[in-house]
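Here's the structure, in structure tokens; my notes come after.
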Amino acid sequence: MNENNENTQESKNASKRKKKNIAVLVIMFLLLVCLFIVQCQLDKIKQEAQQKAQETELEARQKHILDSLRRLEQAKADSLANAEAARIADSLRLADSARVADSMRVADSLASLKPEINKDSLRHVRDSIKHVRDSVAAADKARNDSLAAVADSLAKVEKARLDSLEKKRVQDSIRAADQAPPSAEIVPPSGRYYDPIKLKVKCDEIKCKTFLSIGDTLNPVEAGKAVEYNKTGSVFYFAEDSVGNRTRWEEAKYDMASDNICGKNAYPVPVGGKTVCVDAYEYPNEADATPRDMVSQEQAEELCKQAGKHLCSIDEWQAACRGKDKTRFSYGDGYKQNKCNTNTKAMKRSGRKEQCRSWFGMYDMNGNLWEWTSTKSKDHPNMFLVAGGAWNTNNESKCTDSKFSFYPQNQYPSVGFRCCK
192 MNENNENTQE
202 SKNASKRKKK
212 NIAVLVIMFL
222 LLVCLFIVQC
232 QLDKIKQEAQ
242 QKAQETELEA
252 RQKHILDSLR
262 RLEQAKADSL
272 ANAEAARIAD
282 SLRLADSARV
292 ADSMRVADSL
302 ASLKPEINKD
312 SLRHVRDSIK
322 HVRDSVAAAD
332 KARNDSLAAV
342 ADSLAKVEKA
352 RLDSLEKKRV
362 QDSIRAADQA
372 PPSAEIVPPS
382 GRYYDPIKLK
392 VKCDEIKCKT
402 FLSIGDTLNP
412 VEAGKAVEYN
422 KTGSVFYFAE
432 DSVGNRTRWE
442 EAKYDMASDN
452 ICGKNAYPVP
462 VGGKTVCVDA
472 YEYPNEADAT
482 PRDMVSQEQA
492 EELCKQAGKH
502 LCSIDEWQAA
512 CRGKDKTRFS
522 YGDGYKQNKC
532 NTNTKAMKRS
542 GRKEQCRSWF
552 GMYDMNGNLW
562 EWTSTKSKDH
572 PNMFLVAGGA
582 WNTNNESKCT
592 DSKFSFYPQN
602 QYPSVGFRCC
612 K
């Protein structure tokens, strides 16, 4: 019984030892596999490093060979140039020396002859020697002059190069300092017109290019010269200064009407369901004429009556000024001091400010002269409203400004008028 137990125990121990040995073998096998994989990776990294080093060395050798070839080419060119210059100089020296030597030999030969040689022959020989010497001197002078001319040409070329570099540096400095775009405006401005017009884009800088595109922004053309136009729609424009700064695209809208029912220098304006013909200019309603000031409200009414018209009411005047979009100024909602004569020391001739035009075609309704109306002040029934501001009222020259009222019999240097019908 004990023997059987011992055999069973020994069998179990043997089985355990066998399993343990197998586990050890498996672990050793796995370790060997890991070592093999690591070795393979190391070999791959080593090969890549060697390949990269070889490529770098090859690039360096190629660069060295190219540099060597460039130096050899340059040395060869310099050597050829020096050799050619030396050859020319040697040729000139040899030719000069040969001519002098030949002349001297002729002279010596003649001097060694018998005294029977006549004096004219000796004189001829001496003249020949002098001629040769003069020729050599002339050749030297020509060569020196040629070298001096070459030196001057090289100096001029170098000066031109330096001047070009300096000009470019100055332009780059200006370009870096100037980041502000120019200001562009189109004439005639947006509005209604009854005859074909000529569009031109103006810029506030001297060296400035202007462009316009009809209908959209896809086909810009230069607008320095007038472009014929006769259609209803939008025109887009921009300007670009000499250093590359450009404005954004701006839009001008035009309405080309077929018939003007109001006659010369007057255009129709819708007012309260009816059409009123309003003068395009301050009285006497002529382009480039001096507007009439120092006139009372009573005189203004009489002068309009004599012309077959009447003095505009405040409603008629403001409708003409504000245009179809009811803007605050004749040119738009924002005040711009250069559009109209609102920031100077005196009035200007009618229509001189091309941009100071309302949509319906009236000029100088903001600034230049206050304008009498036929409408009485609500606060002062014996006084009449004036509208539009004068030459020095700045942004207080809106189409809606009528805060002043004046006695109708008084005359003022800053008040004029326009007529309606």
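Residue numbers (our numbering): 192 to 612. Note that the Cβ used here is the ideal one computed from N, Cα and C, for glycine as well.
Under the Cβ criterion (8 Å, minimum of three pairs), the stretch 517 to 530 does not count as touching the stretch 437 to 448. Straight-line measurement puts the Cα of R543 at about 26 Å from the Cα of G499. When beta bridges are read from the DSSP output, P461 appears opposite T466. Here the alpha carbon of P461 sits roughly 45 Å from the alpha carbon of Q370. In the structure shown, the three-state DSSP call for S344 is helix. For the pair F551 and Y458, the CB atoms are nearer than the 8 Å cut-off. Between the alpha carbons of S504 and E492 lies a distance of about 11 Å. By the Cβ neighbour-count rule, C225 is exposed, with fewer than 16 other Cβ atoms within 10 Å of its own. Taken atom to atom, the span from the alpha-carbon of C531 to that of S588 is near 9 Å.
Contact check for C512 against G558 fails: the beta carbons are separated by 8 Å or more. When the five nearest sequence neighbours on each side are left out, the beta carbons in the same chain lying within less than 7 Å of the beta carbon of N586 are those of Y526, in order along the chain. In its chain, beyond the 5 residues on either side, Y385 have a beta carbon closer than 8 Å to the beta carbon of S449.
Taking a 10 Å sphere around the C-beta of N410, we find fewer than 16 other C-beta atoms and assign the residue as exposed. In the DSSP annotation of this structure, the continuous segment of the alpha helix (DSSP H) that includes D506 starts and ends at 505 to 513. A distance below 8 Å separates the beta carbons of A471 and N456. In the three-state reduction of the DSSP assignment, E545 falls in the coil class. Taking 8 Å as the cut-off, the Cβ atoms of E545 and P379 count as close.
Between V469 and M553 the beta-carbon gap is near 6 Å, inside 8 Å, which marks them as a contact. Per DSSP, reduced to three states, the secondary structure at M553 is coil, with no helix or strand assignment. Looking at the DSSP output, A578 shares a beta bridge with E562. Taking C-alpha positions only, Q265 is separated from V392 by approximately 56 Å. With respect to the 8 Å criterion, D555 and E473 are classified as neighbours on the basis of their beta carbons.
In the three-state reduction of the DSSP assignment, H571 falls in the coil class, being assigned neither a helical nor a strand state.
Annotation for C531: no alpha helix (DSSP H) segment contains it, and DSSP assigns it neither H nor E. With a cutoff of 8 Å on beta-carbon distance, E413 and F429 are scored as not near each other. Closest by C-alpha distance to V606, out of P482, K594, I213, K350, is P482.
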